Each structure stands twice: as structure tokens, then as C-alpha cells.
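Student: Residue numbering for the sequence shown follows my numbering, beginning at 8 and increasing consecutively.
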Amino acid sequence: MDTNVIIAIVAVVVIAALLAIGGWWFGKSRKSAVDKSTEAAKAKADARLATEKSAAQSAAASAENAEKTKETAESATSSATPESPVATEPTPVGSAVTESATPAVETPEAAGTRMQRLKARLSKSGNPFGKALFNILAKDQLSEADWEDVEDTLLLADVGAEASEQLVEELRNDARIAGQSDPAEVRAALKDKLLKLVGTDVDRRLNADKEGANKPSVIIMVGVNGTGKTTTAGKLSRLLVSEGKQVMLGAADTFRAAAADQLETWGAKVGVPVVRSDKDGADPASVAFEASAKAKEENADVLIIDTAGRLQNKSNLMDELGKIRRVTEKNLPVDEVLLVLDATTGQNGMTQAKVFAEAIGITGVVLSKLDGSAKGGIVISVQKELGVPVKLVGLGEGPDDLAPFDPEGFVDGILA
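(1) Measuring alpha carbon to alpha carbon, tell me which of 399, 422, 418 ends up nearest residue 121.
(2) Thinking C-alpha only, which one of 25, 421, 387, 22 is nearest residue 209?
(3) Here's a check: name, in chain order, each residue in its chain whose Cβ is nearer than 6 Å to the Cβ of residue 323, leaving out the five neighbours to either side.
(4) Taking contact to mean at least 3 C-beta pairs separated by less than 8 Å, is the segment 332-352 in contact with the segment 193-204?
(5) I want to know whether the segment 401-412 touches the segment 228-246 - three or more CB-CB distances under 8 Å.
(6) May I ask you to report which of helix, strand or coil DSSP gives residue 421?
(7) Return the first residue and the last residue of the beta strand (DSSP E) that residue 398 is part of.
(8) From 117, 153, 264, pick the residue whose C-alpha is nearest to that of residue 252; which is it?
(9) Would DSSP call residue 411 helix, strand or coil?
(10) For residue 212, which of 301, 343, 415, 308 has the nearest alpha-carbon?
(11) Taking the continuous beta strand (DSSP E) assigned at residue 343, which residues delimit it?
(12) Taking the alpha carbon of residue 191 as the reference point, which residue from 356, 300, 26, 146 has its own alpha carbon closest?
(13) If you measure between the beta carbons of residue 231 and residue 359, is that distance less than 9 Å?
(14) May I ask which residues mark the beginning and end of the beta strand (DSSP E) holding residue 257?
(15) Return the CA-CA distance between residue 420 and residue 373, expressed in angstroms with no decimal places.
(16) Distance, Cα to Cα, residue 137 vs residue 152?
(17) Going by C-alpha to C-alpha distance, which of 223, 262, 154 sits closest to residue 310?
(18) Which same chain residues, not among the five before or five after residue 21, have their C-beta less than 8 Å away from its C-beta?
(19) Sorted by chain position, which residues of the same chain lie with C-beta nearer than 7 Å to residue 270's C-beta, five sequence neighbours on each side aside?
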């Protein structure tokens, strides 16, 4: 064989051997490096686990020590003497703040005792027209001048011209008053005539109190500024709460800045929720709609909607009352529209009443500021003119000074 060929074969074998040895050495070095890296990672992980385990054991020990400390403190508190400040006067700050921030819910006066207070106030007042009438009629042998005084007294008391004329005529023809008058007979005759004019056979119950009433029953309060309408709405909510009803208030008087706040104050005292707008000057109809939807959702017994005071010469505002009613009736039927009249305004109040009756239709009248007034005859004239009954009367400034109107109690009060 050629020498060059042999050398080439030997060179190839040597190179192949060197390559094989180099590959084996590189693989061994790489495996060693991987093993070292794995061992380092494992050691690091073991160290971390050991640290976490140690921390957990420390936390558990701390919690156990805290529990033991708490038990020791409780044991010491329970075994303390009654004179110990810690044992007798625990004062958790959080609960004290909560209690002071939550207003106490009042218990309104029952309806049964309210009219009794009305009678007492009327009997003690300075100039109810019943006393003036009695003083004239108790005279012997009444002259024409006396009868004119009777009619003038009735007119001044806002009984109204037609009703005054009718009453004078009936009194003239009553034998109990003619001739030698017996005070007891005169009082009986006068009471009979006044009761007839006031009306004893009229159903004066709120529609919410009648059999088969809608639930929720909706009451809309209307009236001009200054009659005490918002205050009356608040007092009415108290009266209904005293009868065990679940009441909700709707603050649709959005033009008077303090009206909604005032209503919320009334509601908070007896636990009655108030639906109101977040901003002044909002659409009153939208508030009424939201309130009726909420009352329906919560199945309240009565929803009372307060409205803005209206001047009878502003027809656009009167139209808005009609809108409030229409919008409310998309959710619930309106059972009652109560007109709040100031008893001291007399025949001016009658003008307002007629306009409201035309604008929204009223089902009853609330007479505020009736106690002690010489204008009590407005009860007679307002019913005669409007054909709707006086259902509630305001007795004074107190929160429970609103009562169902009782004709006999009213007449007894002014004749006492």
C-alpha cells in the first residue's frame, strides 16, 4: 500500500478519536454544570421554604399569645368588682357615635285624643263666633237690631252670606229662642242649627281609610304659599303612622329650597322615607313619578305628595298640578287631593279653593290655624261652595296638632 495512503488513514483515525474524546469531555462538563445549577436552585428553594415555615410558626405563636392575653384580660374584667370603672362603664366609641347620629323615632299621638284637645282649645279661646252668637240670642225679646247683630256675627265669622241668611231665618222661627229665652234652650237650638250647616251625615274619612282603598293610596297636597301645606303634609304622615300605616312622602315642591329638607325632617322623626330630587328646581312631575314608583315597589300603605304653593292667577303653574296628577297616575291612581286652607284668610281662601278645584279636582279640605279663631265659619262656607267636606283641621303649632274633623266636637268647642 502506498505510504501516503497509510498516513492519510492514520490521520483520519487520530482526528476521529480526538473528536470523540472532545465530545465526551464536553458532555461531561455540561452535565456537571447542570447538576451544580440544579443543586443550587434546590438549595435556594429549601432555604425559602424554611424561612416561610419559620415565619408561619412565629405568626401562629404570636396569635396564640394574643388569644391567651385576651382571655386573661376578659377573665380579669369579669372578676373585677362592681366599683371598677372598666367593669361598670364600658364605652365603645363606635357605638356611641352611631347612636348619636341616628335620630330617635317618635311615637305620634293617637287620633282619638286629638279632637279632645281641639275642643279644649276652642272653649278657652278668646273670641269663637259661637260665644258671640249665644250672648246675643240669650237675650229676652230679641229686637231687629239684635237679629242684625246675629247676621253680622255670622258674616264676620266667614259663614258666608247665603248660609248666614239661612241660619238667621231658621233661628227666627225656632220657638226655643222666641219670647222669654232659656239659656239652655237657646244653646240647644243654636247647636242644632250649626250642626245642620256644618253637616253630620258627610263621610269625612280619608279615602285611604275606607274599605277597599287602593294600596298604596295616593294623597296629593295642594295650596298656596303660607297656608302651612308642607307642615300639614308632615303632620298628616304622623297621624297616619299613629294608625299603624306604612307611609312614604314625595317632595314635589322643588321650587322652594327648604321644602324637601323640611319634609325630610318631619319624616325622620317618625321613620317615614322621603323621595326627593338631588337638585333644587327639578321637574316636580318627575319627582311625583319616582315617588309613586317607589311606593308601589315597597308596597306602602299611603303616599303623600307635597306640591309647590301656587298663586291662583298663574295658570301655567296650575296646569303643572294637573301634570303632576297625570304623571302619578301612570303608576298609581290618585285617591285624594287635599286642599290646605288657612282658616284665618276667610273669603280670600274661598277664591283660592275654587281655582284649585278647577285645576286638579279636590276631594277634601284641611283647615290649618283653626284653633281659637273667630273665622270658624269658613268650615261652613268652604263646604257649601266646593261641595267637598272638611276632613282635617289644624289645632296649633305642635307636631300632633292635626286631627280628623268632628262636627259635633267642633260645635261643642265653639259653644263651650
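Quick reminder that beta carbons are idealized off the backbone N, C-alpha and C, glycines included. All of these numbers come straight from a predicted model, not from anything done at the bench.
Tutor: In short:
(1) Residue mapping note: residue 121 aligns to position 114 of the sequence shown, counting from 1. That would be 399, whose Cα lies nearest to the Cα of residue 121.
(2) Taking the sequence shown and counting its residues from 1, one reaches residue 209 at position 202. Of the listed residues, the one whose Cα sits closest to residue 209 is 387.
(3) Here residue 323 refers to the residue found at position 316 when the sequence shown is read from its first residue. Taken in chain order, the list of residues that qualify is empty.
(4) no
(5) yes
(6) Working through the sequence shown from its first residue, we reach residue 421 at position 414. Correct three-state label for residue 421: helix.
(7) Walking along the sequence shown from the start, residue 398 turns up at place 391. That run of the beta strand (DSSP E) goes 397-401.
(8) Within the sequence shown, residue 252 is the residue found at index 245, counting from 1. Per the Cα distances, 117.
(9) The residue you call residue 411 lines up with position 404 of the sequence shown. Note: residue 411 maps to strand in three-state DSSP.
(10) What you label residue 212 is simply residue 205 of the sequence shown in a count that begins at 1. Closest option to residue 212, Cα to Cα, is 343.
(11) Sequence index remark: in the sequence shown, residue 343 carries index 336 (1-based). Taken as a continuous stretch (DSSP letters only), the beta strand (DSSP E) holding residue 343 covers 341-349.
(12) As a position in the sequence shown, residue 191 is number 184, starting the count at 1. Of the candidates 356, 300, 26, 146, the one whose C-alpha sits nearest the C-alpha of residue 191 is 146.
(13) Working through the sequence shown from its first residue, we reach residue 231 at position 224. Working through the sequence shown from its first residue, we reach residue 359 at position 352. Yes, Cβ-Cβ distance for residue 231 and residue 359 is below 9 Å.
(14) Working through the sequence shown from its first residue, we reach residue 257 at position 250. Here the beta strand (DSSP E) through residue 257 covers 254-259.
(15) As a working mapping, residue 420 is identified with position 413 in the sequence shown. As a working mapping, residue 373 is identified with position 366 in the sequence shown. Their Cα atoms are separated by approximately 18 Å.
(16) Residue numbering aside, residue 137 sits at position 130 when the sequence shown is read from its first letter. Residue numbering aside, residue 152 sits at position 145 when the sequence shown is read from its first letter. Cα-Cα distance, rounded: 18 Å.
(17) Counting from 1 along the sequence shown, the entry for residue 310 is found at position 303. Measuring from the Cα of residue 310, the nearest candidate turns out to be 223.
(18) Here residue 21 refers to the residue found at position 14 of the sequence shown. If we look at residue 21 and ignore the five residues flanking it on each side, it has no Cβ neighbours.
(19) Residue numbering aside, residue 270 sits at position 263 when the sequence shown is read from its first letter. Closer than 7 Å at Cβ, skipping near neighbours: 237, 240, 241, 256, 258, 281, 313.
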